[in-house]
Ligand code: DX5
Ligand code: ZN
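Okay, here's the thing in structure tokens:
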């Protein structure tokens, strides 16, 4: 279980996406976090499979797709064809069909992630992880929808509960992560760190990425 630092491309200049992606990889990013929002599950609208497909032509990087959409099942095939690497869907959008979604994602060759909003109890995800079909659990550390929000420390109890139950699971955190909050996430047991504004807003993004990686590994 290694540390993965995943800059959120939501904070990038979308008009220069390929160059921004390369800039982050040159700064030491392990993954590129791609926030896909449908304007319905969350009150914001971003990108979909066509943009992932365009970006894929410019990079072989791991594209960590976070689906903030009401119907995740509809996105599995288009995103697999577009070249997504990981497909992380919200449990709140798939309470009736999470087993179908996770199986379809796996069959499509992408890594399976499941995500919880700050108010969703961690126990909801245990049956999915126990099913053996889940590679990653994403604990939202802000309400999904926008970058630049304040980290919610109360979410760390969920990371701790997951880490004690699943020692080798990939546990990702997303929202408000940066030099001032990374230690809390690392101590709780998160090993995949999404960071948007703290990386893109820094004068030296490479230093922020390396600081976060060191926090996770020590
Ligand atoms: C929020 C997104 C995040 C966001 C994080 O809904 O899922 O990935 O871009 O941005 P920061 O790091 O600025 O909180
Ligand atoms: Zn995200």
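In the UniProt record's numbering, the protein residues as written are 1 to 218. We put the beta carbon where it would ideally sit given N, CA and C, even for glycine.
At which residues does the alpha helix (DSSP H) containing residue i begin and terminate?
| i | result |
| --- | --- |
| residue 213 | 205 to 217 |
| residue 25 | 17 to 26 |
| residue 76 | 73 to 82 |
What is the DSSP secondary structure of residue i, reduced to helix, strand or coil?
| i | result |
| --- | --- |
| residue 155 | helix |
| residue 7 | strand |
| residue 87 | strand |
| residue 95 | coil |
| residue 35 | strand |
| residue 69 | coil |
| residue 130 | helix |
| residue 2 | coil |
| residue 150 | coil |
| residue 143 | coil |
| residue 12 | coil |
| residue 102 | helix |
Look at the alpha carbon of residue i and the alpha carbon of residue j, and state the distance between them as a whole number of angstroms.
| i | j | result |
| --- | --- | --- |
| residue 150 | residue 174 | 11 Å |
| residue 99 | residue 210 | 36 Å |
| residue 137 | residue 203 | 31 Å |
| residue 214 | residue 51 | 32 Å |
| residue 114 | residue 127 | 11 Å |
| residue 160 | residue 181 | 15 Å |
| residue 70 | residue 41 | 5 Å |
| residue 13 | residue 110 | 26 Å |
| residue 217 | residue 97 | 36 Å |
| residue 47 | residue 54 | 11 Å |
| residue 122 | residue 172 | 13 Å |
| residue 59 | residue 185 | 29 Å |
| residue 92 | residue 167 | 24 Å |
Please tell me whether, using a cut-off of 8 Å, the distance from the CB of residue i to the nearest non-hydrogen atom of the ligand ZN is below it.
| i | result |
| --- | --- |
| residue 177 | no |
| residue 144 | yes |
Name the two residues that bound the continuous beta strand (DSSP E) containing residue i.
| i | result |
| --- | --- |
| residue 137 | 136 to 140 |
| residue 122 | Segment: none, residue 122 is in no beta strand (DSSP E) and carries neither H nor E. |
| residue 113 | 111 to 116 |
Following a CB-centred definition, is residue i positioned closer than 8 Å to any heavy atom of the ligand DX5?
| i | result |
| --- | --- |
| residue 196 | yes |
| residue 212 | no |
| residue 42 | yes |
| residue 66 | yes |
| residue 149 | yes |
| residue 90 | no |
| residue 35 | yes |
| residue 140 | yes |
| residue 164 | no |
| residue 30 | no |
**Prompt:** Could you give the uninterrupted runs of the beta strand (DSSP E) lying entirely in the stretch 159 to 209, keeping only those of 3 residues or more?
**Reply:** 170 to 174 and 192 to 195
**Item:** Minimum length 4: unbroken alpha helix (DSSP H) runs contained in the stretch 38 to 67
**Value:** 49 to 56
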